[in-house]
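Presented below is the structure to which this report refers.
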Amino acid sequence: MTATRRGFLKLSLLSSIASAFAASSKTAFARAQKINKPVVISTWEHGLAANKAAWDVLKKNGRALDAVEQGVRVPEADPLVRTVGLGGYPDSEGNVTLDACIMDENMNCGSVAYLQDILHPISVARKVMEDTPHVMLVGAGAKKFALEQGFAQQNLLTEQSKQDWLAWRHSGQQKKQINIENHDTIGMLALDASGNLSGACTTSGAAFKLPGRVGDSPIIGAGLYVDNEVGAATATGMGELMMKTVGCHLVVELMRQGASPQEACQKAVERIATRLDNFAEFQVGFLALNKAGEYGAYCIQPGFNYAVKDASGEQLIDGKNLLGEGA
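Under mature numbering (1 follows the signal peptide of the UniProt record, and there is no 0), the letters of the sequence shown match residues -22 to -1, 1 to 305, in that order.
Pasting the structure below:
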């Protein structure tokens, strides 16, 4: 077979694949009579306050990227949100370490991991995306970069977090209960008035983790993924499981194949559950938004909820779950 012939067949195959993807990505638009935009969704009850900040951007026809950054900065700065930013549960050595990532409609993304003493890791992640040729900076390098960019150094260990850490050490370092561990992260997804998607994810990670542990939240494809042709997804729960399955990328690809956001999240959770004999010991939750402004969520354990804000108002919705069905 000649090189020209091989090239022609390769181009034909690529064209066929592209056509199939384009056709399947239109399924969501066929389901929706009218695109719901702008809209912002985020994980957990603390997403309500975050969504309000994001909506302030979206209602002025602002960009989804700006909306998700401003939105998640709210829990990052709230010491009462114990699993994000200021006042987050520390690691086993008593240090608050932060992970975050952000992704826009053009597949640009930025991430920081194991960042200490900087209040807004999401904004540092955006600086990594926009001002460096890299995607991720970690540890001391991420902190050095943040300081060079003008971010202030700040002690993020509040007195309450310190006391919780001391109590944990005194308890003999017992494994935390799942209904405590599952309330981590804020993941946020937005569709703006121009029809563009962006997402952000930020966390202080698992409570009392080993020093240096990084979960899924700063990992593009695991804790967050955005494909502006299809939709976006974010995750919460046991980060290692999202990393092993590249969970958020999976959710987006399932939407590309025609699944609704709800269906895609459920299929991703079920895939994890079928590969784990002890899946009921963990929490994994996915949240998704497609180009039509449709959204959905699914998780293993009962108790996961998510916040939604659009032109019709705001809602806090209980996510459907695997263990609660038929119970």
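Each residue gets a CB set at the ideal place from its N, CA and C atoms; glycine is no exception.
These numbers were taken from a predicted model, which means no experiment stands behind them.
Assuming residue i contacts residue j (C-beta within less than 8 angstroms), just tell me the rounded distance between them.
i	j	result
A200	G236	Incorrect: roughly 23 angstroms between the Cβ atoms, too far for contact.
V192	D95	Actually they are not in contact, since the Cβ atoms of V192 and D95 sit about 17 angstroms apart, beyond 8 angstroms.
M216	V262	6 angstroms
Y273	L267	5 angstroms
S176	L43	4 angstroms
P280	L301	6 angstroms
I198	C87	5 angstroms
For residue i, which residues in the same chain have their Cβ closer than 6 angstroms to its Cβ, ignoring the five residues on either side in sequence?
i	result
A130	none
S(-4)	Residue placement at S(-4) is poorly supported in this model, since its pLDDT is 46, which falls under 50; the coordinates are not used for a value here.
V17	L169, G271, D288
N157	With a pLDDT of 42 at N157, under the threshold of 50, the modelled position of that residue is not reliable, and no figure is offered here.
L228	A246
G72	W143
By Cβ distance below 7 angstroms, which residues in the same chain neighbour residue i in space, the five residues on each side in sequence not counted?
i	result
L26	A285, E292, L294
P196	D77, A78, C79, S89, V90, A91, M114
A28	S20, G49, V50, V52, P53, I164, M166
Leaving out the 5 sequence neighbours to the left and right, which residues in its chain are closer than 8 angstroms to residue i when beta-carbon positions are compared?
i	result
W22	H161, T163, I164, T214, F282, N283, Y284, A285
G173	I13, K15, K269
List the DSSP bridge partners of residue i.
i	result
Q293	V286
V116	A91
S195	Answer is none; S195 lacks a bridge partner.
V35	None, per the DSSP bridge assignment.
N268	G209
M85	Paired residue(s): none; M85 is not in a bridge.
Task: Segment contact flag, the region 38 to 48 with the region 59 to 70, C-beta cutoff 8 angstroms, min 3 pairs - done: In short, these stretches do not touch, since the Cβ pair count stays below three.
TODO: Mind the definition here: the region 82 to 95 touches the region 204 to 224 only if three or more C-beta pairs lie below 8 angstroms; say whether that holds.
DONE: Touching, per the Cβ criterion.
TODO: Could you say if the region 110 to 128 and the region 53 to 62 meet the contact criterion of at least three C-beta pairs nearer than 8 angstroms?
DONE: Between the region 110 to 128 and the region 53 to 62, the count of C-beta pairs closer than 8 angstroms stays below three; the two stretches do not touch.
Task: Any alpha helix (DSSP H) of 4 or more consecutive residues that is wholly inside the region 199 to 254 - done: You should have 217 to 223, 225 to 234, 239 to 252.
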